[in-house]
Amino acid sequence: MTVATPAITVVAAIIRGNDGRICLSRRPDHKHQGGRWEFPGGKVEPGEPLSAALARELEEELGMQAAISSPFMTIAHQYQDLHVTLHFRDVTAWQGEPSGCEGQQVNWFEIPELPALEFPAANRPVVTAITLPDYLAIAPDNLDLEALKAGIGRLDAARIGLYLRQWSEHAALPEILALCREKGVKVWLRASSAAWAEQLSLQGVFALHMPGSVLMDCQGRPDFAGLVSAACHSREALEKAADLGLDMALVSPVEVTASHPDRPPLGWQQAGEWITGLPLACYGLGGVSPADLETARQYGAIGVAGIRAFWPGSAPVPV
Numbered sequence: 001m002t003v004a005t006p007a008i009t010v011v012a013a014i015i016r017g018n019d020g021r022i023c024l025s026r027r028p029d030h031k032h033q034g035g036r037w038e039f040p041g042g043k044v045e046p047g048e049p050l051s052a053a054l055a056r057e058l059e060e061e062l063g064m065q066a067a068i069s070s071p072f073m074t075i076a077h078q079y080q081d082l083h084v085t086l087h088f089r090d091v092t093a094w095q096g097e098p099s100g101c102e103g104q105q106v107n108w109f110e111i112p113e114l115p116a117l118e119f120p121a122a123n124r125p126v127v128t129a130i131t132l133p134d135y136l137a138i139a140p141d142n143l144d145l146e147a148l149k150a151g152i153g154r155l156d157a158a159r160i161g162l163y164l165r166q167w168s169e170h171a172a173l174p175e176i177l178a179l180c181r182e183k184g185v186k187v188w189l190r191a192s193s194a195a196w197a198e199q200l201s202l203q204g205v206f207a208l209h210m211p212g213s214v215l216m217d218c219q220g221r222p223d224f225a226g227l228v229s230a231a232c233h234s235r236e237a238l239e240k241a242a243d244l245g246l247d248m249a250l251v252s253p254v255e256v257t258a259s260h261p262d263r264p265p266l267g268w269q270q271a272g273e274w275i276t277g278l279p280l281a282c283y284g285l286g287g288v289s290p291a292d293l294e295t296a297r298q299y300g301a302i303g304v305a306g307i308r309a310f311w312p313g314s315a316p317v318p319v
């Protein structure tokens, strides 16, 4: 006989300082998951809008007044004794200095410090997600090497990552990776098989990306020290990526694309239904542009990706 565990809905804040640091609080020892660092927040009251719930919790817990927030991602997590749905939101403005109004420890951390901290398990995917850029540019296939290098030099490394799809096994890959390291650009490489990463020295590679066919043949998470992502065109693929413990997914096609005009698009509504609740940082891909970032966040994706609209000189990235 299966015994249902209690279920709660929680809203949590990603509070970013002007210097890029993240504000966290430590859970009291006597509470569920006590003693661990967490993104501040609390339970949502029945019928309460998420933005209002977070503003209320931040004022009660941290003394932050008039907090304004926007969606980031939602995660559903089953602990042994509790089912939690967490709605994480980016806090974009507030009044006052965060402090522990209930006696809890509060501290600001550099993003690279976060992975070493102890979090509740449900927070872990968000720790990964906030290390990712808003946009992922897929390098065009029809460039020559010099044009590719020139484009890399114009990327805004603080906001745009680079997927070297067709360049992942190019003879000049070491030279390309060295340039990306110099420019601070996070790089994704295409894995031709689940074991591909084990065969190469991938110094400077931020993430490994598996095409859909490789994902469906994969029996376990690839042995790769960085992030692992996958191309997902179905709910089944997304669920497999989550089951394998991957970090990220490119969900496509969201809209009609020039390269595959006959493939029916998901639309943001269906993409959001697939994404919401999964422990994956998802990007919308296919027929989207940098201007779609806010829409993507409304439907559970943390970013958007593409070729033409994201490559330097093709379209301006919103500020």
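If you're matching positions, the sequence shown starts at 1 in UniProt numbering and goes up one per residue.
For every residue, glycine included, the Cβ atom is placed at its ideal position computed from N, Cα and C.
If you're wondering where the values come from, they're calculated on a predicted model, not measured in any experiment.
Cβ contact annotation for Ser-51 (same chain, cutoff 6 Å, sequence separation greater than five): Ser-69, in chain order. Counting every other CB atom within 10 Å of its CB across the protein chains shown gives Pro-71 a total of 16 or more, marking it as buried. Of Pro-264, Gly-151 and Leu-250, the smallest CA-CA separation from Val-256 is found for Pro-264. It is roughly 18 Å from the alpha-carbon of Ser-192 to the alpha-carbon of Leu-177. Contact annotation, Ala-195 with Arg-165: C-beta distance approximately 19 Å; criterion of less than 8 Å not satisfied. For the segment 271-305, the continuous beta strand (DSSP E) assignments of 3+ residues that do not extend past its boundaries occur at 281-285, in sequence order.
Residue Leu-24 holds the alpha-carbon nearest to the alpha-carbon of Glu-118 among Ala-147, Val-91, Leu-24 and Leu-132. The C-beta distance from Ile-22 to Phe-109 rounds to 5 Å, short enough to meet the 8 Å contact threshold.
Listed in chain order, the non-local C-beta contacts of Trp-274 below 6 Å within the same chain comprise Arg-235 and Leu-238, local neighbours out to five positions each way being set aside. In this chain, Ser-192 is not harboured by any beta strand (DSSP E), its DSSP state being neither H nor E. The C-alpha of Ala-225 lies about 43 Å from the C-alpha of Gly-47. Met-64 carries a coil assignment under DSSP once its states are collapsed to helix, strand and coil.
In this structure, the straight-line span from the alpha carbon of Ala-231 to that of Leu-250 is close to 5 Å. Assignment of Cys-232 by DSSP, reduced to helix, strand and coil, places it in the strand class.
In the three-state reduction of the DSSP assignment, Pro-71 falls in the strand class.
Taking a 10 Å sphere around the C-beta of Asp-134, we find 16 or more other C-beta atoms and assign the residue as buried. Proximity to Ala-172 across Gly-284, Lys-183, Asp-144 and Val-91 peaks at Asp-144, based on C-alpha coordinates. Excluding five sequence positions before and after Cys-218, the CB atoms of its chain that fall closer than 7 Å to its own CB belong to Ala-194, Met-210 and Leu-244, given in chain order. DSSP places Gly-161 within a strand segment (E or B) once states are collapsed to three. For Leu-250, the enclosing beta strand (DSSP E) covers residues 248-251. Taking all protein chains shown into account, Ile-75 has 16 or more neighbouring C-beta atoms within 10 Å of its C-beta and is therefore buried. Remark: C-beta atoms of Leu-86 and Ala-122 approach each other more closely than 8 Å.
Separation of the CB atoms of Val-187 and Leu-162 is rounded to 5 Å, and the pair is thereby assigned contact status at 8 Å.
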